[in-house]
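*Asks:*
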Amino acid sequence: MPSIILYPIYFDKSRPRRFRCVPKDKAILNPLAKNIADVVRDLGYKCKLEPLKTHPADWVNPGRVEMVLPEKIQKKYVINEIAKVLLLRPTVKTDPLSLPIQNVPARLPENPPAYPKGVLGNTILPLHSPALSGGGISENMFQEMMQEMQKQPGLAGGMNPMAALAGMGGPAPPMPTPQASSSQRKQKSIEPEYDLDLE
1 MPSIILYPIY
11 FDKSRPRRFR
21 CVPKDKAILN
31 PLAKNIADVV
41 RDLGYKCKLE
51 PLKTHPADWV
61 NPGRVEMVLP
71 EKIQKKYVIN
81 EIAKVLLLRP
91 TVKTDPLSLP
101 IQNVPARLPE
111 NPPAYPKGVL
121 GNTILPLHSP
131 ALSGGGISEN
141 MFQEMMQEMQ
151 KQPGLAGGMN
161 PMAALAGMGG
171 PAPPMPTPQA
181 SSSQRKQKSI
191 EPEYDLDLE
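The UniProt record's numbering applies: residue 1 is where the sequence shown begins, and numbers increase by one.
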């Protein structure tokens, strides 16, 4: 059977229509992949939660759901059904605790998410969000994310990646370009990947 990928940004009320898959009145604030997976399962569909996968325009909110799409069921119908249930289950501050992540303390952050200047983002995030770990996003990490976003087909046509991150259509503030050493360029970060199978 075919499968579809569901990212939290598809249901994010704070995002422009080009990122959402549902109208604003059917979207919610602070959607989380774990909550989406719970809804998918409760609706009777098979799915797999991938907590480390991230949408390029939603780098602070990691996680996505791979859902098995039954025959004769359209993707649009499923997304609307998920959105209806999410509206009845608004995200609360303690929801991130329902998804324990290896090597990440199972406690709510003391400080709000740290975003680069000019970027607006969600106030409730998974515990392993880069905006919550290590005091927020460093300029080096942020620059790397910007470069990755520029490679994405969905951001073609001159769209500013900074505007995509912020969910705004206006010009973005300039960001400094860090100079990486030769040793840093040779290093490749190896991110452990593990899935929570909800089948």
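Note that the Cβ used here is the ideal one computed from N, Cα and C, for glycine as well.
Being a predicted model, the structure only gives us computed values, none of them experimental.
#1: Tell me, please, which residues DSSP counts as bridged to residue 221.
#2: Count the other CB atoms, across all protein chains shown, that sit within 10 Å of the CB of N122; report buried if there are 16 or more and exposed otherwise.
#3: Is it a yes or a no for the stretch 82-95 touching the stretch 23-31, going by three-plus beta-carbon pairs under 8 Å?
#4: What number of angstroms, rounded off, separates the C-alpha of P90 from the C-alpha of N80?
#5: Does I79 come out as helix, strand or coil in the three-state DSSP assignment?
#6: Taking the CB atoms as reference points, tell me whether L127 and V104 lie closer together than 8 Å.
#7: Could you say which of P23, R15, A33 lies nearest to L6 if we only look at CA atoms?
#8: Would you tell me roughly how many angstroms separate the C-alpha atoms of R15 and H55, rounded to the nearest one?
#9: In the DSSP assignment, the alpha helix (DSSP H) including I36 goes from what residue to what residue?
#10: Check each candidate in L52, Y45, L99 and name the one with the smallest Cα separation from K69.
#11: Along the beta strand (DSSP E) that carries S3, what are the first and last residues, could you check?
#12: If you reduce the DSSP assignment to three classes, tell me which class D95 lands in.
#13: Might you give, ordered along the chain, the residues of its own chain that have their beta carbon closer than 7 Å to the beta carbon of L196, omitting 5 neighbours on each side?
#14: Determine the DSSP secondary structure at R20, reduced to helix, strand or coil.
#15: Check whether the Cβ of L52 sits closer than 7 Å to any heavy atom of the ligand MG, and report yes or no.
#16: Give the single residue among L125, P130, L132, A131 whose Cα lies nearest to the Cα of N35.
#17: Please list, in chain order, all residues of the same chain as L97 whose beta carbon is under 6 Å from its beta carbon, the five residues on each side excluded.
#18: For P116 and R17, what's the separation of their Cα atoms in angstroms?
#19: With a threshold of 7 Å on Cβ separation, who are the neighbours of P112 within its own chain once the five nearest residues in sequence on each side are excluded?
#20: Helix, strand or coil: how does DSSP classify V85 here?
*Replies:* In terms of the structure at hand:
#1: The structure shown does not extend to residue 221, since the chain spans only 1 to 199, so no value can be given for it.
#2: Mapped onto the sequence shown, residue 122 falls at position 122. N122 comes out buried.
#3: yes
#4: Taking the sequence shown and counting its residues from 1, one reaches residue 90 at position 90. Taking the sequence shown and counting its residues from 1, one reaches residue 80 at position 80. Looking at the two C-alpha atoms, the distance is approximately 16 Å.
#5: Position 79 of the sequence shown holds residue 79. I79: helix per DSSP, three-state reduction.
#6: Indexing the sequence shown from 1 puts residue 127 at position 127. Indexing the sequence shown from 1 puts residue 104 at position 104. Result yes, Cβ atoms of L127 and V104 sit closer than 8 Å.
#7: Position 6 of the sequence shown, counted from the first residue, corresponds to residue 6. Cα-wise, what sits closest to L6 is A33.
#8: Locating residue 15 in the sequence shown gives position 15, where the first residue counts as 1. Locating residue 55 in the sequence shown gives position 55, where the first residue counts as 1. Their backbone Cα atoms lie some 13 Å apart in a straight line.
#9: The residue given as residue 36 occupies position 36 in the sequence shown. From DSSP, the alpha helix (DSSP H) with I36 extends over 33-42.
#10: By 1-based counting over the sequence shown, the position of residue 69 is 69. The identity of residue 69 in the sequence shown is Leu, whereas the question assumes Lys. Of the candidates L52, Y45, L99, the one whose C-alpha sits nearest the C-alpha of L69 is Y45.
#11: Numbered from 1 along the sequence shown, position 3 holds the residue referred to as residue 3. Taken as a continuous stretch (DSSP letters only), the beta strand (DSSP E) holding S3 covers 3-6.
#12: In the sequence shown, residue 95 corresponds to position 95, counting from 1. D95 falls in the helix class under three-state DSSP.
#13: Working through the sequence shown from its first residue, we reach residue 196 at position 196. Its pLDDT being 43, under 50, L196 is placed unreliably by the model, and the measurement read from it follows with that caveat. Same-chain partners within the cutoff: L49, P51.
#14: Residue mapping note: residue 20 aligns to position 20 of the sequence shown, counting from 1. R20 falls in the coil class under three-state DSSP.
#15: This structure lacks the ligand MG; in fact it carries no ligand of any kind.
#16: Along the sequence shown, read from residue 1 onward, the residue named residue 35 stands at position 35. With distances taken between Cα atoms, N35 lies closest to L125.
#17: The residue labelled residue 97 in the question sits at position 97 within the sequence shown. The answer is none, since no qualifying residue turns up.
#18: For the purposes of this step, residue 116 is taken as the residue at position 116 of the sequence shown. For the purposes of this step, residue 17 is taken as the residue at position 17 of the sequence shown. Between P116 and R17, the C-alpha separation is close to 23 Å.
#19: To locate residue 112, count along the sequence shown from 1; it is residue 112. So the list reads T123, once near-sequence residues are dropped.
#20: As a position in the sequence shown, residue 85 is number 85, starting the count at 1. Helix.
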